[in-house]
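What follows is a short report on a single structure.
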Amino acid sequence: MVDVNRLQLNTRRYEFSDGLRDFQSALWLLIIGVLMWIGIDFQSVWLPPMRSLQDTFGNVVAAVLIFGVVFGAMLIFAKGSLSLINVYLRRRWLWRETGIITAQAWPIPRSALLTSFGIILLVFLIGFWLAQQLGDGWIILRAVAFGTGLASGYQYLILAHRLQWTRYRLVALLGVIGTVLIIILPIKFGLMGLLVSLLWAVLLVSNGVYALRQFLIFRREMADAA
-17 MVDVNRLQLN TRRYEFSDGL RDFQSALWLL IIGVLMWIGI DFQSVWLPPM RSLQDTFGNV
43 VAAVLIFGVV FGAMLIFAKG SLSLINVYLR RRWLWRETGI ITAQAWPIPR SALLTSFGII
103 LLVFLIGFWL AQQLGDGWII LRAVAFGTGL ASGYQYLILA HRLQWTRYRL VALLGVIGTV
163 LIIILPIKFG LMGLLVSLLW AVLLVSNGVY ALRQFLIFRR EMADAA
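Quick note on my numbering: the sequence shown kicks off at -17 and runs consecutively.
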C-alpha cells in the first residue's frame, strides 16, 4: 500500500535534495548584501552619476533608469538561475536518470510568508520607537536587519518542519544568533548588511554542500545496485 504522506514528503524534499536551491539562495543573498554595502557605505561613488542623470533627464527618469536597471538585472538573475538549475544542472547531470520535477517559487505556506512580513514590521516599529526615545536613528536600520534575520530564521524553521530535515533548523538557529551578534557591532550599516548576508550565504552554502554530497552518494549507490 502506498504511503501518501511519505510520497508527498519525498516530493517536497526532491527539489532540495541536491543542495542547488541553497546555492542559488546564497548567491542571491550575496548580491543583495553587496548592493546594500555599495548603496549605503559608498554613496560618494554612485551619487555623482545619479546627480548627472538627474540634471540630464530629471529626477523621475533618472530614478527609473537606475533602479530599473538594478531590479531588472536581479529579476533576470532570479529567472535565469532557476533555468540554469533545472535545465542544465538537473536535467543534464544530477537528475538525468531519475527525472525532474517543476520547481516551486518558495515551498512554504503563504500564511508563513505573511507572518515573516509581520515579524519584520513589528521589529521595525519597535526599533522606530526606540530610536525616538534614545535619539539614535541607526537603531531603525539595525532593527530592519534584525527583523529580516528573524523572519528568515522563521521561514527556514517552517521549511525544516515541512521537509522534516534538521539541517534547516540548524541554519535558522545559527542564522538568527549570528545576525544578533553582527548588528551589535559598532560598524557602518552597509557593512553590517553585507556581513548578515554573508553569514546566511555561508550557512546555506554549507547546507548545500552537505546535501549535494549526500545526493551524489545516493546516486552512486543506485548506479552500483543497477
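Virtual Cβ for every residue (Gly too), placed ideally from N, Cα, C.
Test item: CB-CB of L(-9) and Q114 under 8 angstroms: Within the sequence shown, numbered from 1, the residue matching residue -9 stands at position 9. Within the sequence shown, numbered from 1, the residue matching residue 114 stands at position 132. Between L(-9) and Q114, the gap from beta carbon to beta carbon reaches 8 angstroms or more.
Collapsed DSSP secondary structure at F106 in the structure displayed: The residue labelled residue 106 in the question sits at position 124 within the sequence shown. In this structure, F106 counts as helix in the three-state DSSP scheme.
Exposure of V178, with buried meaning 16 or more beta-carbon neighbours within 10 Å: Looking up residue 178 in the sequence shown gives position 196. So V178 ends up on the buried side.
Proximity below 8 angstroms, CB of A133 to CB of I108: Locating residue 133 in the sequence shown gives position 151, counting from the first residue. Locating residue 108 in the sequence shown gives position 126, counting from the first residue. The Cβ atoms of A133 and I108 do not sit closer than 8 angstroms to each other.
Do A8 and L167 have their C-beta atoms within less than 8 angstroms of each other? Here residue 8 is taken as the residue at index 26 of the sequence shown, counted from 1. Here residue 167 is taken as the residue at index 185 of the sequence shown, counted from 1. Against a cut-off of 8 angstroms, the Cβ pair of L167 and A8 comes out as no contact.
Ignore the nearest five residues each way along the sequence and tell me which others in G157's own chain have a CB closer than 8 angstroms to its CB. Counting from 1 along the sequence shown, the entry for residue 157 is found at position 175. Taken in chain order, the residues that qualify are G131, S134, G135, Y138, L181, W182, L185.
Rounding to the nearest angstrom, what Cα-Cα distance links I22 and G117 in this structure? Reading the sequence shown from its first residue, position 40 is the one you call residue 22. Reading the sequence shown from its first residue, position 135 is the one you call residue 117. In this model, I22 and G117 are separated by some 21 angstroms (Cα to Cα).
Cβ neighbour criterion (16 or more within 10 Å) applied to E203: By 1-based counting over the sequence shown, the position of residue 203 is 221. E203 counts as exposed, since fewer than 16 other beta carbons sit within 10 angstroms of its beta carbon.
Check this for me: beta carbons of I101 and R144, under 8 angstroms apart or not? Here the question's residue 101 lines up with position 119 in the sequence shown. Here the question's residue 144 lines up with position 162 in the sequence shown. Against a cut-off of 8 angstroms, the Cβ pair of R144 and I101 comes out as no contact.
Judging by CA-CA distance, which residue of V153, V16, R151, I164 is the nearest neighbour of F128? Numbered from 1 along the sequence shown, position 146 holds the residue referred to as residue 128. The residue with the shortest Cα to Cα distance from F128 is I164.
Using CA atoms only, rank isn't needed, just tell me which of L11, V191, I13 is closest to D0. The residue you call residue 0 lines up with position 18 of the sequence shown. Minimum Cα-Cα distance from D0 among the listed residues L11, V191, I13 corresponds to V191.
I need the DSSP call for I14, collapsed to helix, strand or coil. Counted from its first residue, the sequence shown places residue 14 at position 32. Of the three classes helix, strand and coil, the one that applies to I14 here is helix, per DSSP.
For the putative contact between W19 and L173, defined by C-beta atoms under 8 angstroms, what is the C-beta separation to the nearest angstrom? Counting from 1 along the sequence shown, the entry for residue 19 is found at position 37. Counting from 1 along the sequence shown, the entry for residue 173 is found at position 191. About 6 angstroms separates the beta carbons of W19 and L173, which is inside the 8 angstroms limit, making them a contact pair.
Rounded to the nearest angstrom, what separates F5 and P31 at their Cα positions? Indexing the sequence shown from 1 puts residue 5 at position 23. Indexing the sequence shown from 1 puts residue 31 at position 49. Approximately 33 angstroms between the Cα atoms of the pair.
Going straight from the alpha carbon of F200 to that of F(-2), what length do you get? Taking the first residue of the sequence shown as 1, we reach residue 200 at position 218. Taking the first residue of the sequence shown as 1, we reach residue -2 at position 16. Straight-line spacing of the CA atoms in F200 and F(-2) works out to 14 angstroms.
Out of R(-5), R(-6), T(-7), L2, state which residue places its alpha-carbon closest to the alpha-carbon of S188. Taking the sequence shown and counting its residues from 1, the one referred to as residue 188 is at position 206. Comparing Cα-Cα distances from S188 to each of R(-5), R(-6), T(-7), L2, the minimum goes to L2.
Using a Cβ-Cβ distance under 8 angstroms, would F99 count as near chain C? No chain C appears in the structure shown, which is made up of a single protein chain.
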